[in-house]
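K.L.:
The structure follows.
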Amino acid sequence: MKFLSKSRDSKILSSGITYQEGRAENNLKLRQHLLAEQKNFCAYTEKFIEGLDSCEVEHFDSSKKYNDNYFNYYAVIRKANQYKKDEQYQDASFFETLFFQNKQEFAARIQYLSEGVYEETDEKDTEAAELIDFLGFNNPVLSDERKNHIRRLKNIFSVAKFSKEKQKEYLLNHKRELSFITAIEVELGINLSKFYE
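Residue 195 in our numbering sits at position 195 of the sequence shown, and the numbers go up by one each step.
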């Protein structure tokens, strides 16, 4: 998941924008900044977000809503909240450690396997396993969407007889096709870090 990390250089932090009850204009500005930071991708699903109307500001730890800050905000598609298991994980340790907000630590602890599935890299890492379950990374509907997207891209590239370099060029020129970017990198063997870093 490329869009869970947070930056201390965020414009949201430097401008002091926070989510505020009943302040639609303020919250719209926050959503705009989050979406720009996440390169128009949902932080939880990695699906391309068509526009501001199709996403919302998500409070990672919903118990902190209206008393939170940048480190608890994400732009997500509305459906992503249906995958999230708030009540089941109210006291989970990842709310404190926020390990997933560090790209390197996330990559060391959670991996994408082929066929649409995420898994903790160490089977004893219950914190990573709980985060995967909490955010619904392996929700059957989402997993099927991921698999179908990869199959479709593989078919396009096969029919077009694209080299790896042509595949990369195609993806970078068609931003919507970058949905599920982690799966694309693993399953197609293409490094797309130029796009998300």
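Don't be surprised by glycine CBs; every beta carbon is placed ideally from N, CA and C.
(1) Identify whether Y118 lies in helix, strand or coil by the three-state DSSP scheme.
(2) What residue range does the beta strand (DSSP E) around Y73 cover?
(3) Taking S54 as the reference, which of E165, Y44, K79 and K65 has the closest Cα?
(4) Express the C-alpha separation of E115 and R8 in angstroms, rounding to a whole number.
(5) Looking at the secondary structure, which residues open and close the alpha helix (DSSP H) in which Q32 lies?
(6) Classify N26 as buried or exposed, calling it buried when 16 or more other Cβ atoms lie within 10 Å of its own Cβ.
(7) Can you list, in chain order, the residues of its chain with a C-beta nearer than 8 Å to that of Q90? Leave out the 5 residues immediately preceding and following it.
(8) Kindly confirm or deny that the stretch 116-130 and the stretch 6-23 touch, where touching means at least three C-beta pairs closer than 8 Å.
(9) If you reduce the DSSP assignment to three classes, tell me which class I12 lands in.
(10) Among all the DSSP beta bridges, which residues are the ones paired with E58?
(11) Using the Cα positions of K29 and K161, report the straight-line distance between them to the nearest angstrom.
(12) Give me the Cβ distance between A108 and T121, rounded to the nearest whole Å; I'm assuming they're in contact under 8 Å.
(13) In terms of residues, what are the limits of the beta strand (DSSP E) holding L113?
(14) Report the option in L52, N69 and A75 whose CA atom is closest to the CA atom of E46.
(15) Can you tell which of H174, N139 and D144 has the C-alpha that lies nearest to the C-alpha of D156?
(16) Mind checking T97: buried by the 16 CB within 10 Å criterion, or exposed?
(17) Is it right to say G136 is buried, meaning 16 or more other beta carbons lie within 10 angstroms of its own, or is it exposed?
(18) Beta-carbon separation of L34 and L52 under 8 Å?
(19) Can you tell me the Cα-Cα spacing of Q88 and V159, whole angstroms?
(20) Around the C-beta of R152, are 16 or more other C-beta atoms found within 10 angstroms, so that it is buried, or is it exposed?
P.N.:
Judging by the given coordinates:
(1) Mapped onto the sequence shown, residue 118 falls at position 118. Taken through DSSP and simplified to helix, strand or coil, Y118 comes out as strand.
(2) The sequence position of residue 73 within the sequence shown is 73, counting from 1. Here the beta strand (DSSP E) through Y73 covers Y73 to I77.
(3) Taking the sequence shown and counting its residues from 1, the one referred to as residue 54 is at position 54. The shortest C-alpha separation from S54 is found at K79.
(4) Along the sequence shown, one-based indexing puts residue 8 at 8. Along the sequence shown, one-based indexing puts residue 115 at 115. C-alpha separation (whole angstroms): 34 Å.
(5) As a first step, residue 32 must be located in the sequence shown, where it is residue number 32. In the DSSP annotation of this structure, the continuous segment of the alpha helix (DSSP H) that includes Q32 starts and ends at A24 to E37.
(6) Here residue 26 refers to the residue found at position 26 of the sequence shown. Classification of N26: exposed, given that the 10 Å Cβ count is below 16.
(7) As a working mapping, residue 90 is identified with position 90 in the sequence shown. Result list for Q90: S63, in chain order.
(8) Counting C-beta pairs closer than 8 Å gives fewer than three between the stretch 116-130 and the stretch 6-23, which falls short of the contact rule.
(9) Here the question's residue 12 lines up with position 12 in the sequence shown. Three-state result, I12: helix.
(10) Looking up residue 58 in the sequence shown gives position 58. Answer is Y74, bridged to E58.
(11) Position 29 of the sequence shown, counting from 1, holds the residue named residue 29. Position 161 of the sequence shown, counting from 1, holds the residue named residue 161. Here the alpha carbon of K29 sits roughly 43 Å from the alpha carbon of K161.
(12) Here residue 108 corresponds to residue number 108 of the sequence shown, with the count starting at 1. Here residue 121 corresponds to residue number 121 of the sequence shown, with the count starting at 1. Indeed they touch by this definition, with Cβ atoms about 7 Å apart.
(13) Within the sequence shown, numbered from 1, the residue matching residue 113 stands at position 113. L113 -> beta strand (DSSP E) spans I110 to L113.
(14) Within the sequence shown, residue 46 is the residue found at index 46, counting from 1. Distance check between E46 and each of L52, N69 and A75 places A75 closest, using alpha-carbon atoms only.
(15) Numbered from 1 along the sequence shown, position 156 holds the residue referred to as residue 156. Correcting the residue identity first, residue 156 is Ile in this sequence and not Asp. Nearest neighbour of I156 by Cα position, chosen from H174, N139 and D144, turns out to be H174.
(16) On the sequence shown, position 97 is the one that residue 97 refers to. Exposed, since its Cβ has fewer than 16 Cβ neighbours within 10 Å.
(17) Locating residue 136 in the sequence shown gives position 136, where the first residue counts as 1. Classified as buried, G136 has 16 or more neighbouring CB atoms from the shown chains inside 10 Å of its CB.
(18) Here residue 34 refers to the residue found at position 34 of the sequence shown. Here residue 52 refers to the residue found at position 52 of the sequence shown. The Cβ-Cβ distance between L34 and L52 does not fall below 8 Å.
(19) In the sequence shown, counting from the first residue as 1, residue 88 sits at position 88. In the sequence shown, counting from the first residue as 1, residue 159 sits at position 159. Going by the C-alpha atoms only, they are around 45 Å apart.
(20) Start at 1 with the first residue of the sequence shown, and residue 152 comes out as number 152. By the 10 Å Cβ count, R152 comes out exposed.
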